[in-house]
Structures are given as C-alpha cells and as structure tokens.
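Asks:
There are 2 protein chains.
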Amino acid sequence: MANSPQKKKPSKSDDKVVPLIKGRRATSYDVARLAGVSQSAVSRCFKPGASISGKMRERVMKAAKELEYQPNAIARGLITQRSNLVAVLVSGRLSLYYPEVLFKITEELASAGLQALLFTVETEEDAEAVIEQAWQYQVDGVISASHMSQAQYKLLEKRQIPVVFFNRYFSDHPNTVVFCDPSEQVQDVVKQLQALGHKHAGLIIGPEDNMVSRERARMVDASLGVYGVEKVCEVRGDFSYESGTLALQEINRQTREMPTAIICINDMMAMGCMDEARSVLGLEVPKDLSIVSFDGIGMSQFASYELTTIRQPIGRMSEAAVRMIVERVDRPDQSHEKRVFEGAVIPGGSIARAPS
Amino acid sequence: MANSPQKKKPSKSDDKVVPLIKGRRATSYDVARLAGVSQSAVSRCFKPGASISGKMRERVMKAAKELEYQPNAIARGLITQRSNLVAVLVSGRLSLYYPEVLFKITEELASAGLQALLFTVETEEDAEAVIEQAWQYQVDGVISASHMSQAQYKLLEKRQIPVVFFNRYFSDHPNTVVFCDPSEQVQDVVKQLQALGHKHAGLIIGPEDNMVSRERARMVDASLGVYGVEKVCEVRGDFSYESGTLALQEINRQTREMPTAIICINDMMAMGCMDEARSVLGLEVPKDLSIVSFDGIGMSQFASYELTTIRQPIGRMSEAAVRMIVERVDRPDQSHEKRVFEGAVIPGGSIARAPS
DNA sequence: AGACGGTTTGCATTCGAATGCAAAAATGCT
DNA sequence: AGCATTTTTGCATTCGAATGCAAACCGTCT
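So the protein sequences, as listed, match chains S and A.
Under the working numbering, the residue at position 3 of the first sequence is numbered 3, and the numbers go up by one with no gaps.
One gets the working numbering by counting positions in the second sequence from 1 and adding 356 to each.
(1) Quick one: using the 10 Å Cβ neighbour count with 16 as the cut-off for buried, is S:PRO99 buried or exposed?
(2) DSSP beta-bridge partners for A:SER646?
(3) Please return the same chain residues whose Cβ sits closer than 8 Å to the Cβ of A:MET655, not counting the five positions on each side in sequence.
(4) Would DSSP call S:GLY272 helix, strand or coil?
(5) Of all the residues that make up the region 230 to 243 of chain S, which are near chain A by a beta-carbon distance shorter than 8 Å?
(6) Rounded to whole angstroms, how far is the Cβ of A:GLY671 from the Cβ of A:ILE702, which I believe are closer than 8 Å?
(7) What do you get for S:PRO174, buried or exposed, if any count of 16 or more other CB atoms within 10 angstroms of its CB means buried?
(8) With DSSP collapsed to three states, give me the class of S:THR80.
(9) Could you run through the region 389 to 415 of chain A and flag, in chain order, every residue whose CB is less than 7 Å away from some CB of chain S?
(10) I'd like to check one pair, A:PHE521 with A:ALA501: are the Cβ atoms closer than 9 Å?
(11) Taking only beta-carbon atoms, is A:ILE670 less than 9 Å away from chain S?
(12) Is S:ALA50 helix, strand or coil by DSSP?
(13) Per DSSP, A:LYS694 is paired with what?
(14) For the candidate residues A:VAL682, A:ILE707, A:LYS555 and A:GLU693, whose alpha-carbon lies nearest to that of A:ILE461?
(15) Short check: CB of S:GLY343 to CB of S:PRO182, under 9 Å?
(16) Given that A:GLU488 touches chain S, what residues does it touch there, using C-beta distances under 8 Å?
(17) With contact counted as at least three CB pairs below 8 Å, one residue from each stretch, are the region 52 to 65 of chain S and the region 24 to 38 of chain S in contact?
(18) Can you find a C-beta in chain A that's less than 9 Å from the C-beta of S:ARG323?
(19) Would S:LEU85 and S:ASP140 be called neighbours here (beta carbons separated by less than 9 Å)?
(20) What are the boundary residues of the alpha helix (DSSP H) that includes S:ILE360?
(21) For the region 237 to 244 of chain S and the region 183 to 194 of chain S, state whether three or more C-beta atom pairs, one from each stretch, are separated by less than 8 Å.
(22) Just the Cα atoms here: how many angstroms apart are S:ARG214 and S:MET317?
(23) If the cut is a Cβ gap below 7 Å, which residues of chain A does S:GLY77 touch?
(24) Determine which residues of the region 87 to 112 of chain S have a Cβ less than 8 Å from any Cβ of chain A, and write them out in chain order.
(25) Taking C-beta to C-beta, are A:ILE499 and A:ALA677 nearer than 9 Å?
(26) What does the alpha-carbon distance come out to for the pair S:SER91 and A:LEU465?
(27) In angstroms, rounded to a whole number, what distance separates the CA positions of S:LEU156 and S:MET148?
(28) Assign S:ASP275 to buried or exposed, taking buried as 16 or more other Cβ atoms, counted over all protein chains shown, within 10 Å of its Cβ.
(29) Output needed for S:TYR69: all residues of its chain with C-beta closer than 6 Å, excluding positions within five of it in sequence on either side, in chain order.
(30) Which word fits A:THR476, buried or exposed, when buried means at least 16 other C-beta atoms lie within 10 angstroms of its C-beta?
(31) Since S:TYR137 meets chain A, which of its residues come closer than 8 Å, beta carbon to beta carbon?
(32) Given a cut-off of 9 Å on the beta-carbon distance, is the pair S:HIS200 and S:GLU230 in contact?
(33) Please confirm whether A:ALA659 has its beta-carbon closer than 9 Å to some beta-carbon of chain S.
(34) Which word fits S:ALA116, buried or exposed, when buried means at least 16 other C-beta atoms lie within 10 angstroms of its C-beta?
(35) A:ARG634: which of A:ASN523, A:GLY600 and A:GLN541 sits nearest, CA to CA?
Listed below in structure tokens is the structure:
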C-alpha cells in the first residue's frame, strides 16, 4: 500500500465544501463527515452483520437520520454485483385474468428484499427486447409468466441469470418451474359428467402456442377417453370472454345436435359461453347445458355464473415462484426443481344431469 | 497514448488477462480492448448524438456484438444520476379492477425508455416503506395510484422526485394529476333515471378514505338534488363484489320499501348488487330495480350484467400519466398540471322505467 | 508492564460507464 | 503547402458504496 505521498490526489472527504446543497442527496461521505468517522464506517453501519461497535453505530445513525441518508442502491449494486432487482415478465392475458399473481409476486419479492422490475411481453420479439433490457439492468433473476422461446431461455442461461417459469416450461431442457397439474381433478370432473349422463361434450381450447391450454386439453382428452364420453367437437378461442361466445356459436354451427356439456379451457371463455348459451341460444345452464372450466378466478364464482371449475392455487404458486427465484439467486448452481401444485375442484352450479 | 511509463497504476485495459471468463459479463473496457480503441469511444458509441466517426462506430459495434456487450444500466445510472426507473405504486384494488392500467403504464414507460419498478401499497405504512425503497433505488419519478399521505408527498417533493397522481390528488397543494371527472355524465344518468320515473334511489359508496368514491358520491348527491330524486339511503362498501351484495341487503333492511334505483360507486359492487337482487331478493333487473354505476370495466358489459355505467377512459389516462412523468423528469421545475378526462356513459341495459 | 487475542476502524481500491478537457486527426480555405 | 477550423479521439476523473488489509484499540491474563 506504500503510496507515493506527493501524489496530489484530492481526497473526497475534506476540501470539497459542498454540504447539503439543496437537492443534492446525502452520500455516505456526507454522513461520515458529519459524524466524524470514515466512509467505511458508514457503509458498515448499513450492512447487517458487519463489524461495528455500538457507540459508532449510534453516532453514524444519528448523522444519517439528520441528513436523511439512505444508501444508494444503484452504487451498491455496482460494487456488489447484485442489483436486487428481479425482472417479472407478464403478458396482458396474465394481468387480465390473474391480476393478483403480479400483486402477490411483487409483495413476496419485497419481503425478500427484492424489487420487481416489470416487463410486458406479448410477442416473442417483445421477449427479445425485454431480455436485453433486463440484462442491462443487471437483474438478479427473472420470473417469466409470458412467452419465451427456447433460444431466449438458453441465452439467459448462458448469461447465468436464473429463471423461474410460471405455468410454462420446456420439457426437453432442464428448468425451474412452478405450475399446476390438474389431471386428477380433470378425471374427477369428467367422471362427474359421465355419472350425470353426459355422452357428448364440446371442448373449447385456447391458443395453439399456449402450453397451459395444450396440457389441459391433453388431460381432458385422456379423461374423456377413460370415461367413454365422446368429444363431438373442439373449437379454438383466445382465452377471452368474447371468444367464448363465438366458440359456442361455432359449436352450435358445427354439430347437428348441441352436446350436453362444454368443457372450457379457462373460466373467462366459460363465462362467455354461458352467457351466449343463455341469452342468445336460449339454453338454460345447467339444465340444458353443463359447463365446466379451469382457473377458478374470482369472478367465476359470482352468482350469475357459479362455475364448476378447477382452480389453480395461484397464491401458493406465486409464493413458490418467489421462493424459488430467491433461492436460485443465492445458489445459482443448484440443480433445477419443478414444483407442481394440484388443482382443486370448485363445485359451483354449472353442471347438472344431462337432458334426455 | 503517451502514458507516463513509470507510474505503476494498474491500467484496467492491459495486464489483466481476464478475457471472457465464463460468467463474467463484458464491460466497455473489454469491448475497447478487442476493438483497439479507448473505453470512452465505446461509451460514446452507445450514446445517441455523441461525437463519433462512422468507421469507429462500426469497429466498436462489431466488437460489442462479438462480446454480446450491452451497457450496464446500473453503472450508467450512477454516473449520470438518472436511473431511468419509475416507481409505480399500486394497490390491490387497482390491480384487481383495472389490471390493464398497470399493463398500459408499463408498456408506455418502456417505449419512453423507462422501466417500471413496481411497488404494492395497501396501507399508509406501506407507502412509507415504499417511498424509502424508491428513494434508495434513485427512481426518476413516481406514478402513484395508491395511498399516499400529504406528508409523504411533501417528502418526495423535498427530495425533488416528481410525482404523478393517478385518480387522486391533494386539493390544497399543487400537484400533477390525471383523473376523470364524470360530473356531466352523472347529471346525464340521473336525469335519465328521473325521466324514467324514479323518485327514490339508494347509493352504495366506497371506503371513506377513497377520494374517487367521495368525489363520485358528491356528484351524485348534487345531481339527485338537481333532478329532485330522493336519496333514501346510503350504504358503504369496500369496492368488492361481495360488499355489493351485502350493501343491497343492508339497503333492503334499512328501507321500508326498496328504492327503485341503486347507484353504485363502482361496477364491481354493482355486479354484486345485481346478482343479489336477482338471486336472493328475487327482483328482476332492470324491471324491478335499476342499477347504474361507475368505471366501465370490461366485465361490466358481459351479457349477464350489461351495466349502464360511466366509463373512465383509463387507457388514455394511463398514457397521460406516463407522458406527464416523462415530462416532469426532464423538466422538474416546470409548473404542475392537472389533466382531467371526461367520463362516457355506456348505455347498457340495467335501467328501465320505474315500476309503479 | 508486557504480551496476546479479538474487535474496530480507516485507507485505498474497486465496480462500469460518462464526460470535460486537451491532444490529435481530418477537413476546409486561401 | 500552410494555416485555421471543426471533428474525433483518448486521458483522467467522477458517481457512491463495499471490502481486503493493515493499523489501532481494547481487554485479559500472566
């Protein structure tokens, strides 16, 4: 450390007479000067578990309070290589149907000392741009509840940014995932339909590129097979209420005789479907038409709908996603994990004995 | 390049032989070394409008691409004193009823080159903590669609952090605000009710501390006065569907004779109210009971409800909020501005001639 | 008193990009 | 070519906090 003494290095902590210019925020140097200690001491005061005496802590804290000093998270991030930022990638769909997911995730992140940097992603190109942004902001991790291609995921992996997928995953690549597997409940519901005498069912599915939709459809198909209920037609919607109404019309058009039961891949379309059945086709639900669906969003239980639906425990899932990202941020080399939650049937009142 | 040769200052750009250790991200120095230029040149390449020749830009960009270099926004923020982060404060309520607001705001911020740092705020204490967090992260501005006390606002002002309020403001303090003033539409709707022969109306309001609720209630009262419709009772809910159902029961209990019209301060309660009227009290809506409300959220127009409601143009409002924060970030000393949007009546089918 | 161990403290350096300034290069003009 | 002017480039420093290391301090025990 023998430093050439003649070197005229201007020391930050003395000659500069810039005490508290209005608008300038206090730095650790300001606090140090006021408290008559070194900047390191100030820094250590704000680091839990650092070696510091009670007396010193007190003095520093007093000065800090006086100057309203709060450590600069940006500067801290630069030196520690930890931004404490987590990118949360959501699509419009998620925020429309599960607004609470985002809310919950943010809350949980905050209580783990992390901040949510929110990104909206509709298309794969969006994802591209968003990933670059996130990278620029040195996010410590990513929670993805939106589109992301395998290439994009691999890029993040290569950059060693931990990713947790929410309700989607790559089956041919190791990844950390939280999702819901409602296969048991699907069996259960289909069994109920069969027991109620339903022999024909229509299926309303979601976008082709959506994994949740694909998986649910797969389970439904399997269960229909098991219980000998015939799928008379399958129509594609886009998860929206509107598309549910259109899908039912389409089913009506495609089939000579309307099936007695409709299975919708999400609640929102089921609600559209139900409204369409009642107000346009003049059918009574559940007397003339039984409807079941997936998600268990809040409004599916409003008195006008009371859907029989398979709920995802999104509260617990959000919580799990945060736990997992926190863990992976701390131990990036840890092996991957999938956390799979069961669904739960909400009985509702949208199914009944098939009309004869 | 004339570097004093005897000075043993370890130059970042040579002797360190750390080229692309796995996991280490490329810095501007790495790019500079590869391209054979100075770090400043690299920096300038990524700053639009900086003085740089085409040739140099090309060389640097090539090296940058090779190393997958992206400037570190954290380091940039430290030196420029601009984080490009905007704190977005939302409450659970907002995200439940207006999920698209958050989505829209985030999108708009992104297209202005800013990132949304999301904070959830339920109580005033939350706000306290959130403001400190935001301050630590050196946010350039705050969009507040949640609780915030005047003291908290003043703190932000003192710290020179621009704030834009979304659907709330302090009337006795200058501030920058975007909100909706539906007074015209309230008049219009009440006039319609009167014309349809309604003489008595019940009012379902929201939480006492909520400004939007207070304002709407004020307008309703005024209009009822103007058109000579009597307010037979006023019940408080909490904006939720559930509380709408309870509120209608309460009205039923409080009044000898049910009013012929109910005005709800938001759609969600109106939906609860309507469902309760139909499925519990056995009333037909709108034949026996007319219901009107505020907000114009998506599901208020589902076939089961088709509410006559007064819409807020939240898309435009979100956009405006972002425009305003961007402007205030660039010119903090500019005077304040309120942007007030009109509401719009969505006709719906939840009102009809009063039963005689 | 002296020696030893443990705890506090300060010094100096670091993170990565931006920028004022001066040197260097390119351009224009006579 | 020679000089003035403009543009490009590099150097050195800066932002604010964290931290390895050595120096200083404290208490204890012989």
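All C-beta atoms, glycine included, are put in the ideal place defined by N, C-alpha and C.
Replies: The short version:
(1) As a working mapping, residue 99 of chain S is identified with position 99 in the first sequence. The residue in question, S:PRO99, is buried, as its Cβ has 16 or more Cβ neighbours within 10 Å.
(2) Looking up residue 646 of chain A in the second sequence gives position 290. Bridge partners of A:SER646: A:ALA617.
(3) Counting from 1 along the second sequence, the entry for residue 655 of chain A is found at position 299. Contacts found: ASP623, MET627 and TYR661.
(4) The residue you call residue 272 of chain S lines up with position 272 of the first sequence. Looking at S:GLY272 - three-state DSSP - the assignment turns out to be helix.
(5) TYR241
(6) One-based indexing of the second sequence puts residue 671 of chain A at position 315. One-based indexing of the second sequence puts residue 702 of chain A at position 346. Incorrect: roughly 15 Å between the Cβ atoms, too far for contact.
(7) Translated into the one-based positions of the first sequence, residue 174 of chain S becomes position 174. Label assigned to S:PRO174: exposed.
(8) As a first step, residue 80 of chain S must be located in the first sequence, where it is residue number 80. S:THR80: helix per DSSP, three-state reduction.
(9) none
(10) Your numbering for residue 501 of chain A matches position 145 in the second sequence. Your numbering for residue 521 of chain A matches position 165 in the second sequence. Closer than 9 Å, so yes.
(11) Here residue 670 of chain A is taken as the residue at index 314 of the second sequence, counted from 1. Output row for A:ILE670: interface = no.
(12) One-based indexing of the first sequence puts residue 50 of chain S at position 50. Here S:ALA50 sits in coil by DSSP.
(13) Taking the second sequence and counting its residues from 1, one reaches residue 694 of chain A at position 338. A:VAL533.
(14) Within the second sequence, numbered from 1, the residue matching residue 461 of chain A stands at position 105. Residue A:VAL682 is the option with its Cα nearest to A:ILE461.
(15) Here residue 343 of chain S refers to the residue found at position 343 of the first sequence. Here residue 182 of chain S refers to the residue found at position 182 of the first sequence. Yes, these two residues count as a Cβ contact at 9 Å.
(16) Numbered from its first residue, the second sequence carries residue 488 of chain A at position 132. Ordered by position in chain S, the residues that pass the 8 Å Cβ test against A:GLU488 are GLN70.
(17) yes
(18) The count along the first sequence starts at 1 and reaches residue 323 of chain S at position 323. It does not; no Cβ of chain A falls within 9 Å.
(19) For the purposes of this step, residue 85 of chain S is taken as residue 85 along the first sequence, with counting starting at 1. For the purposes of this step, residue 140 of chain S is taken as residue 140 along the first sequence, with counting starting at 1. In contact: S:LEU85 and S:ASP140 (Cβ atoms closer than 9 Å).
(20) Absent from the structure is residue 360 of chain S, since the part of chain S shown begins at 1 and ends at 356.
(21) no
(22) Indexing the first sequence from 1 puts residue 214 of chain S at position 214. Indexing the first sequence from 1 puts residue 317 of chain S at position 317. The straight-line gap from Cα to Cα measures roughly 20 Å.
(23) As a first step, residue 77 of chain S must be located in the first sequence, where it is residue number 77. What S:GLY77 touches in chain A: ILE430.
(24) VAL88, VAL90, GLY92, SER95, LEU96, PRO99, GLU100, LEU102, PHE103, THR106, GLU107 and ALA110
(25) Along the second sequence, read from residue 1 onward, the residue named residue 499 of chain A stands at position 143. Along the second sequence, read from residue 1 onward, the residue named residue 677 of chain A stands at position 321. Yes.
(26) Numbered from 1 along the first sequence, position 91 holds the residue referred to as residue 91 of chain S. Numbered from 1 along the second sequence, position 109 holds the residue referred to as residue 465 of chain A. Using only the alpha carbons, I get a separation of about 16 Å.
(27) Numbered from its first residue, the first sequence carries residue 156 of chain S at position 156. Numbered from its first residue, the first sequence carries residue 148 of chain S at position 148. Cα to Cα, the separation comes out at about 11 Å.
(28) Reading the first sequence from its first residue, position 275 is the one you call residue 275 of chain S. With 16 or more other Cβ atoms within 10 Å, it is buried.
(29) Translated into positions along the first sequence, residue 69 of chain S becomes position 69. Answer for S:TYR69: ALA26 and VAL31, listed in chain order.
(30) Translated into positions along the second sequence, residue 476 of chain A becomes position 120. By the neighbour-count rule (16 or more Cβ atoms within 10 Å), A:THR476 is buried.
(31) Within the first sequence, numbered from 1, the residue matching residue 137 of chain S stands at position 137. Chain A residues near S:TYR137: ALA429, ILE430 and GLN471.
(32) The residue labelled residue 200 of chain S in the question sits at position 200 within the first sequence. The residue labelled residue 230 of chain S in the question sits at position 230 within the first sequence. Yes, the Cβ-Cβ distance between S:HIS200 and S:GLU230 is below 9 Å.
(33) Stepping through the second sequence from its first residue, residue 659 of chain A is reached at position 303. Output row for A:ALA659: interface = yes.
(34) Along the first sequence, read from residue 1 onward, the residue named residue 116 of chain S stands at position 116. By the neighbour-count rule (16 or more Cβ atoms within 10 Å), S:ALA116 is buried.
(35) What you label residue 634 of chain A is simply residue 278 of the second sequence in a count that begins at 1. Selected option, being the one with the closest Cα: A:GLY600.
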